[in-house]
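Undergrad: Those sequence lines, one after another, are chains E and U.
This note's numbering applies: residue 848 is where the first sequence begins, and numbers increase by one.
This note's numbering applies: residue 848 is where the second sequence begins, and numbers increase by one.
Protein chains: 2
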Amino acid sequence: MAEKIVGILGGMGPDATVDLFQKILRATPATRDQEHLRIIVDCNSKIPDRTAHIISGAEDPWPYLHESAQLLERAGVNLIVIPCNAAHNWHDRIQASVKVPVLHIMQATADHVQANYPSVTKVGLLAVPATVKVGLYHRAFANHGIEVIAPDKEHQELTTKAIFAVKAGDSGPEGTALLIKAGEHLIAQGAQAVVAGCTEIPLVLKDGDLSVPVIDATRALATAAVKMARGED
Amino acid sequence: MAEKIVGILGGMGPDATVDLFQKILRATPATRDQEHLRIIVDCNSKIPDRTAHIISGAEDPWPYLHESAQLLERAGVNLIVIPCNAAHNWHDRIQASVKVPVLHIMQATADHVQANYPSVTKVGLLAVPATVKVGLYHRAFANHGIEVIAPDKEHQELTTKAIFAVKAGDSGPEGTALLIKAGEHLIAQGAQAVVAGCTEIPLVLKDGDLSVPVIDATRALATAAVKMARGED
């Protein structure tokens, strides 16, 4: 069975796109260039802010997401991944607009937690307010009988601040400190693992930074994409 | 004037493609996602080895390079960059096959050295044997009155070994040590700067590792691409 071409519908933000790209390379067994997958990336950072649309009705990113998915399909990709959690609010519409499968980051993450941390029944969610609001993580984990808890207002604001600092090019220790504070707040409420549910978060919060496992949703998506592309799913 | 869409004809190797992608982001003044350029990447690691073709007549990468350039042009890119020095052996044919400009890494590098190190008259070249053999760096620097020197057989072998270790996923200190040895050998012969003339080299050899400036050809290409895309060239 021929390897599939991976399409990355990216740019939200660009550094998170680089991060997923790199995690796909690291998840691929390869000792020379030619053993890697073909990957086509549309890093369209012009896509309007997902959070601003969901929370306050700013410009709808949908026409841009649709155009990018079409571009990737025309370019010949066989599957699509989207390194932006909040953009998964449009996952069903994107999937309906193309013939190739569009992987789902929340589902990949919930599957990963169930497979690797079978005793976990409650996870904490660090994400932008839009991702928390639309409840996609809640639903994906509920399918596996796992409860999702989100930060209170104060700790959500720390999380959002850390995420937008990364988008502004600042991946320094201040963002890590904010996320650790928000993460430990979730752990104090019973979270047995904390999901880095915004693709900017793994750039500053790593597994080991908290007293429970940090679940890297971007890596879960990368692993799922490599398995599908290599026909191992 | 509208910003241009950058196309990356990549995959040679994939980590070098990520490196150029990241250097384009860092060379772009941006404080939020939407201020970044749109970048479309074809990371086609299946393109046959450039060195193997030039040195020993293995499969010709040209049909693959041609197909990737066409794909990027159809996707709507307004300029193309190629994060592989050896692939510039086909630069003229790629340029002739598309309507959009294809930047030239050797020219971008020679321009960068002339502008930033005006007293330099002799540079050392660390690259794969194919890049050394085709003489593209020699010609680009000769246009600025700068001489290019390459390692002897023994030090060329150290360089090639370090490059293929990176392609195999090993970016550890051994590769850096090999390149420092080869670089200091060039400096002993009068090189006033050393060009990292293979896109795998900047992943393990940084400015400061040698007693003269290390010229990152990938960064010079990224800077030239951002200038052209923003209409500042």
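We put the CB at the ideal spot given by N, CA and C, even for glycine.
Remember, it's a predicted structure, so these values are computed and weren't measured experimentally.
(1) Helix, strand or coil for residue 1077 of chain E, going by three-state DSSP, please let me know.
(2) Is the segment 952 to 961 of chain U touching the segment 1059 to 1071 of chain U, taking contact as three or more C-beta pairs under 8 Å?
(3) Once the 5 residues before and after residue 932 of chain E are set aside, which same chain residues still bring their CB inside 7 Å of it?
(4) Kindly indicate which residue of E:989, E:1018, E:1036, E:964 has the alpha-carbon position closest to the one of residue 999 of chain E.
(5) Whose C-beta lies closer than 6 Å to the C-beta of residue 906 of chain E among residues of the same chain, with five residues either side of it excluded?
(6) Distance check for residue 1062 of chain E and residue 1093 of chain E, CA to CA, integer angstroms please.
(7) Considering only their Cβ atoms, is the gap separating residue 872 of chain E from residue 850 of chain E smaller than 9 Å?
(8) Residue 961 of chain U: which of U:946, U:990, U:936 sits nearest, CA to CA?
(9) Identify every run of the beta strand (DSSP E) within the segment 899 to 979 of chain U, keeping only runs that are complete inside it and at least 3 residues long; order them along the chain.
(10) If you drop the 5 nearest sequence neighbours on each side, which residues of the same chain put their C-beta closer than 7 Å to that of residue 1117 of chain U?
(11) Whole angstroms are fine: how far does the CA of residue 902 of chain E sit from the CA of residue 1048 of chain E?
(12) Could you have a look at residue 852 of chain U and say whether DSSP puts it in helix, strand or coil?
(13) Which residues in chain U sit within 7 Å of residue 860 of chain E, going by Cβ to Cβ distance?
(14) Let me check understanding here. Comparing Cα to Cα, which of U:910, U:923, U:881 lies closest to residue 855 of chain U?
(15) So with Cβ pairs under 9 Å, would you call residue 933 of chain E a contact of chain U?
(16) What residues from chain E crowd round residue 872 of chain U, counting only those whose CB sits closer than 8 Å?
(17) Can you give me the Cβ contacts of residue 1059 of chain E inside the same chain, cut-off strictly under 7 Å, excluding the 5 residues immediately before and after it?
(18) Could you have a look at residue 886 of chain E and say whether DSSP puts it in helix, strand or coil?
(19) Measuring CB to CB, does residue 889 of chain E end up less than 9 Å from residue 915 of chain E?
(20) Quick one: which chain E residues come within Cβ less than 7 Å of residue 893 of chain U?
(21) Within 9 Å of any Cβ in chain U, is that where the Cβ of residue 954 of chain E sits?
(22) Can you tell me whether residue 943 of chain U is buried or exposed? The criterion is at least 16 other CB atoms within 10 Å of its CB, across all chains shown.
(23) For the segment 997 to 1030 of chain U, list every residue whose C-beta sits within 9 Å of some C-beta in chain E, in sequence order.
(24) From what residue to what residue does the alpha helix (DSSP H) around residue 1034 of chain E run?
(25) If you draw a straight line from the alpha carbon of residue 910 of chain E to that of residue 984 of chain E, how long is it in whole angstroms?
(26) Closer than 7 Å by C-beta to residue 926 of chain U: which residues in its own chain qualify, once you throw out the five before and the five after it? Chain order, please.
(27) Can you tell me where the beta strand (DSSP E) holding residue 1063 of chain E begins and where it ends?
(28) Ends of the alpha helix (DSSP H) at residue 1084 of chain U?
(29) Under 9 Å, do residue 912 of chain U and residue 886 of chain U count as touching if we go by C-beta distance?
(30) When you measure from the CB of residue 1008 of chain E to every non-hydrogen atom of the ligand SAM, does any distance come out below 8 Å?
(31) Helix, strand or coil, according to DSSP, for residue 996 of chain E in the structure here?
(32) In terms of residues, what are the limits of the beta strand (DSSP E) holding residue 1041 of chain U?
(33) Which first and last residues belong to the alpha helix (DSSP H) in which residue 864 of chain U is found?
(34) Identify the contact partners of residue 918 of chain U in chain E, using a Cβ-Cβ distance below 9 Å as the criterion.
(35) If distances are taken between C-alpha atoms only, which option among E:1009, E:1015, E:1014, E:1013 comes closest to residue 1024 of chain E?
(36) Following the continuous alpha helix (DSSP H) through residue 879 of chain U, name the residue where it begins and the one where it ends.
TA: Reading from the atomic positions:
(1) coil
(2) yes
(3) 952, 974, 978, 1044, 1045, 1046, 1064
(4) E:1036
(5) 895
(6) A question about residue 1093 of chain E goes unanswered here, because the residues of chain E that appear run from 848 up to 1080.
(7) no
(8) U:990
(9) 926 to 928, 969 to 973
(10) The structure shown does not extend to residue 1117 of chain U, since chain U is modelled only from 848 to 1080, so the question has no answer here.
(11) 20 Å
(12) coil
(13) 880
(14) U:923
(15) no
(16) 861, 862, 865
(17) 1034, 1038, 1039, 1040, 1041
(18) strand
(19) yes
(20) 881, 885
(21) no
(22) exposed
(23) 1011, 1014, 1015, 1016
(24) 1020 to 1035
(25) 24 Å
(26) 851, 853, 854, 947, 948, 950, 1072, 1075, 1076
(27) 1061 to 1063
(28) No statement about residue 1084 of chain U is possible, as the shown extent of chain U runs from 848 to 1080 and does not include it.
(29) no
(30) Of the ligands one can find in the structure shown there are none, so the ligand SAM has no counterpart to examine.
(31) strand
(32) 1040 to 1043
(33) 861 to 873
(34) 887, 922, 923
(35) E:1009
(36) Neither: residue 879 of chain U is in no alpha helix (DSSP H) and is coded neither H nor E.
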